[in-house]
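J.: Under numbering that gives the first Met the number 0, the first residue of the sequence shown carries the number 0, and numbering increases by one thereafter. In this text, a Cβ means the ideal position worked out from N, Cα and C, and glycines have one as well. Keep in mind it's a predicted model, so treat the numbers as computed, not measured. Here you go, one structure.
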Amino acid sequence: MSTSKEPIRLRRRKTLKGLTSLYLDIYLNGKRSYEYLKLYLIPEKSREDKQKNKETLKLAEAIRAKRVVELQNGEFGFKSQFKEDTLFFDYYEAMCEKRFKGKDNKSNWGNWRSCLKHLEKYEPNRKITFREVTPEWVQGFRDYLENEACAWSMDYRQRIKDHRLSRNSRLSYFNKLKACINQAYEDRILPYNPIRGIEGFKPEEGTRMYLTLEEVKRLAETPCEYESVKRAFLFSCLTGLRRSDIINMTWGEVQEQSGFIRIIFRQKKTGGQEYLDITPQAADLMGKRGKPSEPVFDDIHSPSCTNETIKRWVLRAGIEKEITFHCGRHTFAVLMLDIGTDIYTVSKLLGHRELNTTQIYAKVLDKNKQAAVAKIPSILPTSSEEGSEE
């Protein structure tokens, strides 16, 4: 049994102000030294205090692990294997460029670029190296996103007030930094992963706005100022396809097989190869077949123009809902579940990689809950009973 002691340990010490200071106790070659981390645990008076202390301890432990690796590298001469002098911003921008030229959709690339703007605002030193990307630095960027970052922060125009980043934007930007650091670790630029142990942001569950079957029928009967937008949106309601996949669809991807019209395409968002059989009425919405290279749906302008057209069309139909083009996909998912399609099949029809993504729609339309509520006995008197009392 080994009796060797850990060379670096995380210690605690009470301060005069009632806080608990965290520091490292380093014992090497018979000599003891200390490194004070300037991290403090606060008295736990609420759930928030406990969560904050939990995050502080994770950060302190990450720093301790980094020091252990540094110690080992110094003892065994492994440090030359890593390229910690690599410039962080050059490396991050190279990852952005790779996504711009690759198969990533432009929205994802735009998120990488937006994150870069926030990184530049947080870290003014453009020459920072990965050696300086420490757990403290990563935690600092997380705190910046949490407490300081504003939406459209790089917009030069004056505004009445700043708008804080949404929770999902904070999640997205922190995940971009996480992906960059993870890749640098895989590329052996970093001898340890400084983001490990630092808690990210939890996603905010959004509202899935959708149309009922009756509302879709009402829209189909209502004129739309752009017929191409009407056909494309109703096609989305009947197939669940995203706007990006609809506008990119060519006639060469539309085939007839075993009495069904089948669309064979590659999802723009995920890159996955899909085989989607559609109904005759969905096929009718595509119109007259053109050449293989021609788009099935043309004259579909920018997302903002399309959504404005849909907004006016929906109001004209007497529907009071905030509907965008993407709501056609939500509508399809809910309609499928409403007619009894099992969730696994719905997941495949939507092209989801994970079943958890589809289960969000099952939460929107829970047949079991509806059946349970329908069984609640009546507690109010009927109109005939009220009349008999007089």
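Evaluate K49 with the Cβ neighbour count: other Cβ atoms within 10 Å of its Cβ, from every protein chain shown; 16 or more gives buried, anything less gives exposed.
T.: Sequence index remark: in the sequence shown, residue 49 carries index 50 (1-based). It is exposed - the Cβ of K49 has fewer than 16 other Cβ atoms within 10 Å.
J.: In chain order, what residues of the same chain lie with their CB nearer than 8 Å to the CB of S1, ignoring the 5 residues before and after it?
T.: Taking the sequence shown and counting its residues from 1, the one referred to as residue 1 is at position 2. Reliability fails at S1, whose pLDDT of 41 lies under 50, so the model's placement of it is uncertain and the value that follows must be treated cautiously. Result list for S1: empty, nothing under 8 Å.
J.: Considering Cα atoms alone, identify which of I309, R112 and E83 is closest to C95.
T.: Numbered from 1 along the sequence shown, position 96 holds the residue referred to as residue 95. Ranking I309, R112 and E83 by Cα distance to C95 puts R112 first.
J.: Less than 8 Å between the CB atoms is what I'm expecting for G350 and G271, so what's the real figure, rounded?
T.: Against the sequence shown, residue 350 aligns to sequence position 351. Against the sequence shown, residue 271 aligns to sequence position 272. G350 to G271, Cβ: 6 Å. Contact.
J.: DSSP state of K13, grouped into three classes?
T.: Within the sequence shown, residue 13 is the residue found at index 14, counting from 1. In this structure, K13 counts as strand in the three-state DSSP scheme.
J.: Between the alpha carbons of L334 and R241, how many angstroms are there, rounded?
T.: Counting from one through the sequence shown, the residue named residue 334 turns up at place 335. Counting from one through the sequence shown, the residue named residue 241 turns up at place 242. Approximately 16 Å, taken between the alpha carbons.
J.: Inspect the beta-carbon positions of N52 and L36 and report whether they are closer than 8 Å.
T.: Position 53 of the sequence shown, counted from the start, is the residue given in the question as residue 52. Position 37 of the sequence shown, counted from the start, is the residue given in the question as residue 36. Cβ distance not < 8 Å, so N52 and L36 don't count as in contact.
J.: Per the DSSP calculation, P294 is bridged to which residue(s)?
T.: Reading the sequence shown from its first residue, position 295 is the one you call residue 294. Its beta-bridge partners are T249.
J.: Using only CA atoms, which one of E131, P42 and I359 lies nearest to E83?
T.: In the sequence shown, counting from the first residue as 1, residue 83 sits at position 84. Of the listed residues, the one whose Cα sits closest to E83 is E131.
J.: Select from E224, L379, S165 and T278 the residue whose C-alpha is nearest the C-alpha of W312.
T.: Start at 1 with the first residue of the sequence shown, and residue 312 comes out as number 313. Here the closest residue by C-alpha is E224.
J.: Once you ignore the five residues that flank E12 on each side, which residues in its own chain have a CB closer than 6 Å to its CB?
T.: Start at 1 with the first residue of the sequence shown, and residue 12 comes out as number 13. Sequence check: residue 12 is Arg here, not Glu. Around R12: S20.
J.: Could you name the residues that DSSP lists as bridge partners for V276?
T.: Residue 276 sits at position 277 when you count from the first residue of the sequence shown. Correcting the residue type first, residue 276 is Asp in the shown sequence and not Val. DSSP, once it has assigned bridges, lists R261 as partnering D276.
J.: Measuring alpha carbon to alpha carbon, tell me which residue in F88, I359 and A150 is nearest L176.
T.: By 1-based counting over the sequence shown, the position of residue 176 is 177. Checking every option, the nearest Cα to that of L176 belongs to F88.
J.: Which value, in whole angstroms, describes the spacing of the CA atoms of K30 and Y191?
T.: Residue numbering aside, residue 30 sits at position 31 when the sequence shown is read from its first letter. Residue numbering aside, residue 191 sits at position 192 when the sequence shown is read from its first letter. C-alpha separation (whole angstroms): 25 Å.
J.: Tell me whether I338 is buried or exposed, calling it buried when 16 or more other Cβ atoms sit within 10 Å of its Cβ.
T.: In the sequence shown, the residue the question calls residue 338 occupies position 339. With fewer than 16 other Cβ atoms within 10 Å, it is exposed.
J.: Taking the alpha-carbon positions, what's the R352 to F264 distance?
T.: The residue labelled residue 352 in the question sits at position 353 within the sequence shown. The residue labelled residue 264 in the question sits at position 265 within the sequence shown. Taking the straight line from one Cα to the other gives about 16 Å.
J.: Residue ranges of each beta strand (DSSP E) run of no fewer than 3 residues wholly in the stretch 16–48, ordered along the chain?
T.: 19–27 and 30–40, all fully within the stretch 16–48.
J.: How would you label S79, buried or exposed, when you count the other beta carbons within 10 angstroms and need 16 or more for buried?
T.: Taking the sequence shown and counting its residues from 1, the one referred to as residue 79 is at position 80. Here S79 scores only 48 on pLDDT, less than 50, and its place in the model is too uncertain to base an answer on.
J.: Alpha carbons only, please: which of I299, K116 and V67 is nearest the one belonging to Y91?
T.: Taking the first residue of the sequence shown as position 1, residue 91 is located at position 92. Nearest of I299, K116 and V67 to Y91, Cα basis: K116.
J.: By alpha-carbon positions, which one of D298, F296, D297 and E321 ends up nearest to E307?
T.: For the purposes of this step, residue 307 is taken as the residue at position 308 of the sequence shown. With distances taken between Cα atoms, E307 lies closest to E321.
J.: If G196 and L58 are in contact, beta carbons under 8 Å, what's the gap, nearest whole angstrom?
T.: On the sequence shown, residue 196 is found 197 positions in, with the first residue counted as 1. On the sequence shown, residue 58 is found 59 positions in, with the first residue counted as 1. Right, their Cβ atoms sit about 7 Å apart.
J.: Give me the Cα-Cα distance between A64 and L86, rounded to the nearest whole angstrom.
T.: Translated into the one-based positions of the sequence shown, residue 64 becomes position 65. Translated into the one-based positions of the sequence shown, residue 86 becomes position 87. Rounded to the nearest angstrom, the two C-alpha atoms are 23 Å apart.
J.: Let me know the secondary structure DSSP gives I7 once reduced to three states.
T.: Position 8 of the sequence shown, counting from 1, holds the residue named residue 7. Note: I7 maps to strand in three-state DSSP.
J.: Any idea if G139 is buried or exposed, counting beta-carbon neighbours within 10 angstroms, 16 or more meaning buried?
T.: As a first step, residue 139 is located in the sequence shown; it is residue number 140 there, counting from the start. Burial call: exposed.
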